[in-house]
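Written below as structure tokens is the structure these notes are about.
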Amino acid sequence: MEENGTHERNAGIDVRASPAELREELVMLLPRLRRFARALARDVHDADDLVQIAVERALTRSAQLRPDAPLSSWMFGIVRNAWLDELRARGRRTRLFAPEESAERIGDASQGAHADLLAVQDALARLPEEQRAAVALVLIEGLSYKEAAHIMEVPIGTLTSRLARGREALQEMLGESTGALR
Amino acid sequence: MNFSDETVMAYADGELDAASRAAVEAAMATDPQLAQRVARHRALRERLRAALDPVLDEPPPERLLEGVRGAPAPRRAANVVALKRKAAPRWSWPQWGAIAASLVGGVLLGPLLLRAPAGAALVTRDGQVLASGVLARALTEQLASDQPRGAPVQIGVSFRARNGDYCRTFVLREQSALAGLACRGREAWRLEVLAQTPAQPAAAADYRPAGSALPASVARTLDELIAGEPLDAAGETGARARGWKP
Numbered sequence: 004m005e006e007n008g009t010h011e012r013n014a015g016i017d018v019r020a021s022p023a024e025l026r027e028e029l030v031m032l033l034p035r036l037r038r039f040a041r042a043l044a045r046d047v048h049d050a051d052d053l054v055q056i057a058v059e060r061a062l063t064r065s066a067q068l069r070p071d072a073p074l075s076s077w078m079f080g081i082v083r084n085a086w087l088d089e090l091r092a093r094g095r096r097t098r099l100f101a102p103e104e105s106a107e108r109i110g111d112a113s114q115g116a117h118a119d120l121l122a123v124q125d126a127l128a129r130l131p132e133e134q135r136a137a138v139a140l141v142l143i144e145g146l147s148y149k150e151a152a153h154i155m156e157v158p159i160g161t162l163t164s165r166l167a168r169g170r171e172a173l174q175e176m177l178g179e180s181t182g183a184l185r
Numbered sequence: 003m004n005f006s007d008e009t010v011m012a013y014a015d016g017e018l019d020a021a022s023r024a025a026v027e028a029a030m031a032t033d034p035q036l037a038q039r040v041a042r043h044r045a046l047r048e049r050l051r052a053a054l055d056p057v058l059d060e061p062p063p064e065r066l067l068e069g070v071r072g073a074p075a076p077r078r079a080a081n082v083v084a085l086k087r088k089a090a091p092r093w094s095w096p097q098w099g100a101i102a103a104s105l106v107g108g109v110l111l112g113p114l115l116l117r118a119p120a121g122a123a124l125v126t127r128d129g130q131v132l133a134s135g136v137l138a139r140a141l142t143e144q145l146a147s148d149q150p151r152g153a154p155v156q157i158g159v160s161f162r163a164r165n166g167d168y169c170r171t172f173v174l175r176e177q178s179a180l181a182g183l184a185c186r187g188r189e190a191w192r193l194e195v196l197a198q199t200p201a202q203p204a205a206a207a208d209y210r211p212a213g214s215a216l217p218a219s220v221a222r223t224l225d226e227l228i229a230g231e232p233l234d235a236a237g238e239t240g241a242r243a244r245g246w247k248p
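Residue numbers (the numbering used here), protein chains in the order written: chain G, 4 to 185; chain R, 3 to 248.
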């Protein structure tokens, strides 16, 4: 607990003036960043690499963080941009190297929750990137359309149409078990 | 009343204003189809959350916690020999000798450098590591778009570096596969990075690099050096015709 005076001084300037506070907030945020990255990247190691890159970038760019903006939105944006960088780099590499299709994935799709995670991640992976990001931000991270559009740097109308198309494609891939008219 | 798909979706996501929300709810009371459309949207959200929420309960890996807290956080281990770092001095002979020697016991550079048959693929000169023999020939002659089956060297991406030089990634298969990136200097192909790739099954007689992704260190070097986009087949053929001269 800090003294009142410290809070007073920080108010209105930068509530995260202290790098230690930013780091602690980032630690709290790690589970959500990992979930978001898993929705984008599917592979757990790739996803954690993304989170790690994003954290490094955040710590070096913390001056760009607006004190009144939620840290989570800022971080989701950084994770997503790191993912776009990675996709561009992969696009170059795959001219020679086939994408890392993990053949063992098909074999190890056992029963239960793990199998469902794989089915969902495979379906997400087949979406165009911008639809996947819209779905991940709104349906998985629970952000508002406005927040998601801000993170993706697109107008709300663009966000909603990507979301609608992504949803439709997922419904088709995941089947009517999702329709859930029980 | 008919509601557009986007309206139904926005309702399910809690994005409608009070008046529109009331209108949808009133219609749902008498329109089971509309209720079903809403239920479908909600069920999809629930399914996605059910699949991904368990990630929240996983303890974050130590490397991420260390990265946040400021401790040195190495990326995933890479079996890499960095031949040159930006702004670092070139490897001197003793350094390079140490690298080669340290790896003789392994399968990496020892055989390539020290066995030195006619086809030795790497040589050192003036503190640089240069392509030689089969590797130099492939870098100069082989087109990514037209690779001989079973060739010991597979060419990957060809591109112009920011300094104007032509560079190419490759995979060299000896006892184990090495991946690297070389740039054309005035007289020879200079290696910028070299890394060991995961061992290929011995049965892979007609070796295809598919499935063995470009090692991260090579990919990073590519990303650091490249200016614009990689060469397409025509660009590659043209660069070869000009002897890879900038």
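We treat Cβ as the ideally placed atom computed from N, Cα and C, and that holds for glycine. None of the values given here were measured: they were computed from a predicted structure.
query, result
"Spatial neighbours of R/Met30 in its chain, beta-carbon cut-off 7 Å, leaving aside the 5 residues before and after", "Leu36, Ala37 and Val40"
"Which of helix, strand or coil DSSP assigns to R/Gln144", "coil"
"Short CB-CB distance (under 8 Å) between G/Leu29 and chain R", "yes"
"Members of the region 30 to 41 of chain G near chain R, C-beta cut-off 8 Å", "Val30, Leu33, Pro34, Arg35, Arg37, Arg38 and Arg41"
"Same chain, Cβ closer than 6 Å to R/Ala190, five either side skipped, listed in chain order", "Leu132"
"Close-in-space but distant-in-sequence residues of the same chain around R/Glu238 (CB under 8 Å, 5 per side omitted)", "Leu145, Ala146, Ser147 and Ser160"
"Min CB distance G/Glu150 to chain R below 8 Å", "no"
"Member of G/Arg69, G/Asp52, G/Glu89 and G/Leu140 whose CA lies at the smallest distance from the CA of R/Val70", "G/Asp52"
"Neighbour-count burial assignment, G/Thr63, 16 or more Cβ in a 10 Å radius", "exposed"
"Start and end residues, alpha helix (DSSP H) containing R/Leu54", "Pro34 to Leu54"
"Any C-beta of chain R under 8 Å from that of G/Ser147", "yes"
"Test item: CB-CB of R/Leu174 and R/Leu137 under 8 Å", "yes"
"Cross-strand partners of R/Gly187 (DSSP beta bridge)", "None; R/Gly187 has no bridge partner."
"Residue of R/Pro154, R/Arg188, R/Arg162 and R/Pro217 minimising C-alpha distance to R/Gly182", "R/Pro217"
"Terminal residues of the alpha helix (DSSP H) in which G/Leu53 lies", "Val47 to Thr63"
"Nonlocal neighbours in the same chain, by C-beta distance under 6 Å from G/Val141, ignoring five residues either side", "Ala151 and Leu166"
"7 Å Cβ cut-off: residues of chain R touching G/Glu59", "Gly69"
"Contact with chain G by R/Val57, beta-carbon distance below 8 Å", "yes"
"R/Leu233 (DSSP reduced to helix, strand or coil)", "coil"
"G/Arg69 versus G/Arg41: straight-line alpha-carbon distance, rounded", "26 Å"
"Residues bridged to G/Tyr148 (per DSSP)", "In DSSP, G/Tyr148 forms no bridge with anything."
"R/Leu227 beta carbon less than 8 Å from that of R/Ala184", "no"
"Interface partners of G/Ala167 on chain R, CB under 9 Å", "Asp7, Glu8 and Met11"
"Closest Cα partner of G/Ile56 within the set R/Val155, R/Arg42 and R/Arg65", "R/Arg65"
"Interface flag, G/Leu130 vs chain R, CB-CB below 8 Å", "no"
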